[in-house]
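Residue numbers (this note's numbering): 276 to 427.
Even glycine gets a Cβ: it sits at the ideal position worked out from N, Cα and C.
Single-structure report; data block below.
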């Protein structure tokens, strides 16, 4: 009798494991357009590159809620002196249909590392690229830049 219980239990575990695998596969399949997340080979662009941004569908389109990113290691170059500018970029948005994938956002922000523009321009470029990508219901992008020349 104990043998049958063990055998039935093994079968039940195998069925549950297969169902878990199918659910995981379905979940991953719905995110197939995402190429950066989970990639074992990450390529860091040395030039401004909005094409690395990727989106996925908002599964809660009926809800208005905030998605917030704080990016404390943002770097760009002063267009006049070529000196690095360091900042924390704050991105807050209420998603519509699409949402930005966080690893692609990190790679996108990293692509500003050799990009020469003033602080205000960088913030506006980021905001416009995200609007073009996602068409959010609302978005705020602001930068807290480190002092340069005594002004922050």
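Secondary structure of residue 395, DSSP reduced to three states: helix
Inter-residue Cα distance where the pair is residue 318 and residue 383: 11 Å
Nearest candidate by alpha-carbon position, reference residue 379, set 341, 405 and 412: 405
According to DSSP, residues forming a beta bridge with residue 416: 366
Residue 338 versus 370, 421, 386 and 361, residue with shortest Cα-Cα distance: 370
Endpoints, beta strand (DSSP E) assigned at residue 351: 342 to 352
Cβ-based burial, residue 326 [other Cβ within 10 Å; buried from 16]: exposed
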